[in-house]
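The sequence shown begins at 110 in this note's numbering and counts up one residue at a time.
A virtual CB, placed ideally from N, CA and C, is assigned to each residue, including glycine.
Take a look at the structure below.
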Amino acid sequence: MSLIISNIALHYVTKNQESGEVQVKFGPETIDITSRIENFVDALHNIYNAKGSKAYGHFLAEPEPVEHKNFIELMTDYLDESLNFNLFSQQATSLLKLELEKYDIEENGYLVFCHYEYMGGRYLLVTIIPVSEHYSVDGDLNISADKHLDTPKLQLAARIDLFEYQQNAQGNRYISFIKGRAGRKISDFFLDFLSCEEGLDVKEQTQTLVKAVEDYVAVNQLDANEKQEARKELLSYCKEQKESAQEVSIKELGSVLSSEGAEKDFYAFCKENDYPMEDSFPHDQAIVNKVTKYSGYGAGISISFERSHLGQDVVYNAANDSLTIYKVPPNLKDQLLKLLQDQDRQEQSSSSFE
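Here it is in structure tokens:
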């Protein structure tokens, strides 16, 4: 396992929506790093990486003045070894309690702080893991209920890239966090607790990347198949980067998208045309997924096809808002032929009784 855990703490936070009271139960002072804990953190790390709705930001330059230390100061004390991890996590949990009391929302779960290393990176993960109830039945058919950590439903979570923060505290993306689940208000208290705000606009960066690729293949006068192949290469590269939790690099992508006869590689093309895009950045995979296909759903109809088919096997008529498909997929064709055969038999059966 390439994940190395330095410290981990676990506390329980619950808020009664009717009374507004927030209660905190602190966990043990130290948690031994057993194989079970390693597997738990590894699973948490993978679940967090797989979340597509993440945003990126940084600590506030001027956090709101408070009588006590804010999260940034507490984390700095821990990193400077003037505060042990347990006290850091407890004092940070007390900060969360104060923020949660300001909002008219109910929140229950286990607050996890974990300092770990993965693939050469050092991270501090802070998350509230929701709790769900599950049921079991014994041999005598007695039903019992118990609670468990519902990690797949992780929504309130942030991860600080400690290397990036310590080397570039003025940066705008060393903190990643999951976007709000039902409007910004739900996660606002969590961001306020961390004294952070959104910085890099990942969606905008990814949209610029897709536009740059489309411009690049157009300038190099690639045919339809070559253009589609370039889009597939972009999609494949971005998927690999997402799976390994790595940023998209324009230089790396330049070597992936190299095409015969091109006057410049993709990286040089982007620099020459001054696209508002950083040399490397975390991306929005949902946007990239659309580069090779057109798709849509509505009124019970779902359609998806590769872009290279538009104008050939699939033709759109804007005048009467119709879509004509000339090559029907074999499995759909079989279903339609069977439907027509069934209708013919029903009609023949009906006519025999007349």
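(message) Between the segment 304-318 and the segment 377-390, can you find at least three pairs of beta-carbon atoms closer than 8 Å?
(response) Because the criterion of three Cβ pairs below 8 Å is met, the segment 377-390 and the segment 304-318 touch.
(message) I'd like the list of long-range same chain contacts for L309, defined as Cβ closer than 6 Å, with 5 residues on each side in sequence excluded.
(response) Sequence index remark: in the sequence shown, residue 309 carries index 200 (1-based). The answer, listed in chain order, is Y165, N281 and R282.
(message) Considering just the uninterrupted stretch of the beta strand (DSSP E) at E226, what are its terminal residues?
(response) Within the sequence shown, numbered from 1, the residue matching residue 226 stands at position 117. First-last of the beta strand (DSSP E) with E226: N217 to Y227.
(message) One question on the structure: do L362 and V400 come within less than 8 Å of each other, judged by their Cβ atoms?
(response) By 1-based counting over the sequence shown, the position of residue 362 is 253. By 1-based counting over the sequence shown, the position of residue 400 is 291. Not closer than 8 Å, so no.
(request) Would you mind giving the Cβ-Cβ distance between S162 and I287, rounded to the nearest angstrom? I have them listed as a contact below 8 Å. (result) For the purposes of this step, residue 162 is taken as residue 53 along the sequence shown, with counting starting at 1. For the purposes of this step, residue 287 is taken as residue 178 along the sequence shown, with counting starting at 1. The C-beta distance from S162 to I287 rounds to 6 Å, short enough to meet the 8 Å contact threshold.
(request) Can you give me the Cβ contacts of A333 inside the same chain, cut-off strictly under 6 Å, excluding the 5 residues immediately before and after it? (result) Indexing the sequence shown from 1 puts residue 333 at position 224. Cβ neighbours of A333 beyond the five flanking positions: S417.
(request) Count the other CB atoms, across all protein chains shown, that sit within 10 Å of the CB of A428; report buried if there are 16 or more and exposed otherwise. (result) Residue numbering aside, residue 428 sits at position 319 when the sequence shown is read from its first letter. Classification of A428: exposed, given that the 10 Å Cβ count is below 16.
(request) Give me the Cβ distance between A230 and F272, rounded to the nearest whole Å; I'm assuming they're in contact under 8 Å. (result) As a position in the sequence shown, residue 230 is number 121, starting the count at 1. As a position in the sequence shown, residue 272 is number 163, starting the count at 1. Ala is not the amino acid found at residue 230; the sequence shown has Gly there. Rounded, the Cβ-Cβ distance is 6 Å, consistent with contact.
(message) Looking only at its chain, what residues have a beta carbon closer than 6 Å to the beta carbon of D422, apart from the 5 residues adjacent to it on each side?
(response) To locate residue 422, count along the sequence shown from 1; it is residue 313. These residues qualify, in order along the chain: Y435 and K436.
(message) My parser needs the beta strand (DSSP E) runs of 3 or more residues fully inside the segment 344-409; what are they?
(response) Qualifying beta strand (DSSP E) stretches, in chain order: 402-407.
(request) Thinking G218 and V246 are a contact (beta carbons under 8 Å), I'd like their distance in whole angstroms, please. (result) As a position in the sequence shown, residue 218 is number 109, starting the count at 1. As a position in the sequence shown, residue 246 is number 137, starting the count at 1. Rounded, the Cβ-Cβ distance is 27 Å, inconsistent with contact.
(request) Please work out which residues of its chain come closer than 7 Å, Cβ to Cβ, to E190, disregarding the five sequence neighbours upstream and downstream, and give them in chain order. (result) As a working note, residue 190 is residue 81 in the sequence shown. Excluding sequence neighbours, E190 sits near nothing in its chain.
(request) Taking N158 as part of the alpha helix (DSSP H), name the residues at either end of that continuous run. (result) One-based indexing of the sequence shown puts residue 158 at position 49. It spans S144 to A159 - the alpha helix (DSSP H) in which N158 sits, taken as one unbroken run.
(request) Starting from F197, trace the beta strand (DSSP E) both ways and give me its first and last residue. (result) To locate residue 197, count along the sequence shown from 1; it is residue 88. Unbroken run through F197 is the alpha helix (DSSP H), F194 to L209; no beta strand (DSSP E).
(request) Measure the alpha-carbon distance for R454 versus L448 and round it to whole angstroms. (result) By one-based count along the sequence shown, residue 454 stands at place 345. By one-based count along the sequence shown, residue 448 stands at place 339. Near 10 Å, if we compare the C-alpha coordinates of L448 and R454.
(message) Residues in the same chain with beta-carbon distance under 6 Å from Y140, minus the five sequence neighbours each way, listed in chain order, please.
(response) As a first step, residue 140 is located in the sequence shown; it is residue number 31 there, counting from the start. For the record, residue 140 in the displayed sequence is Ile; it is not Tyr. Cβ contact annotation for I140 (same chain, cutoff 6 Å, sequence separation greater than five): I117, in chain order.
(request) Would you mind working out which of S296, A152 and E306 sits nearest D259, comparing C-alpha positions? (result) On the sequence shown, residue 259 is found 150 positions in, with the first residue counted as 1. Comparing C-alpha distances from D259 to each of S296, A152 and E306 shows the shortest one belongs to A152.
(request) Can you grab the Cα-Cα spacing for the pair Y384 / L419, in whole Å? (result) As a working note, residue 384 is residue 275 in the sequence shown. As a working note, residue 419 is residue 310 in the sequence shown. Each residue's alpha carbon lies about 28 Å from the other.
(message) Please list the terminal residues of the continuous beta strand (DSSP E) segment that includes K436.
(response) The residue given as residue 436 occupies position 327 in the sequence shown. Boundaries cannot be given for K436, as no beta strand (DSSP E) includes it and DSSP labels it neither H nor E.
(message) Classify A266: buried if its beta carbon has 16 or more other beta carbons within 10 angstroms, exposed otherwise.
(response) By 1-based counting over the sequence shown, the position of residue 266 is 157. With 16 or more Cβ atoms within 10 Å of its Cβ, A266 is classed as buried.
(request) Within 10 angstroms of the Cβ of D301, are there 16 or more other Cβ atoms? Answer buried if so, exposed if not. (result) Along the sequence shown, one-based indexing puts residue 301 at 192. It is buried - the Cβ of D301 has at least 16 other Cβ atoms within 10 Å.
(request) Going by CA-CA distance only, name the one from S253, V365 and E335 that's closest to E349. (result) Here the question's residue 349 lines up with position 240 in the sequence shown. With distances taken between CA atoms, E349 lies nearest to V365 out of S253, V365 and E335.
(request) Would you decide whether H224 is buried or exposed? Buried here means 16 or more other CB atoms lie within 10 Å of its CB. (result) Position 115 of the sequence shown, counted from the first residue, corresponds to residue 224. H224 is buried by the Cβ-count criterion.
(message) Distance check for D324 and F375, CA to CA, integer angstroms please.
(response) On the sequence shown, position 266 is the one that residue 375 refers to. On the sequence shown, position 215 is the one that residue 324 refers to. If I take the Cα positions, the gap works out to 10 Å.
(message) On a Cα-Cα basis, can you pick out the residue from Q457, K320, R145 and D297 that is closest to C379?
(response) As a first step, residue 379 must be located in the sequence shown, where it is residue number 270. Check the Cα spacing between C379 and each of Q457, K320, R145 and D297: the tightest is with K320.
(request) Would you mind giving the Cβ-Cβ distance between P172 and S304, rounded to the nearest angstrom? I have them listed as a contact below 8 Å. (result) Position 63 of the sequence shown, counting from 1, holds the residue named residue 172. Position 195 of the sequence shown, counting from 1, holds the residue named residue 304. By a beta-carbon distance limit of 8 Å, P172 contacts S304. Their separation comes to about 4 Å.
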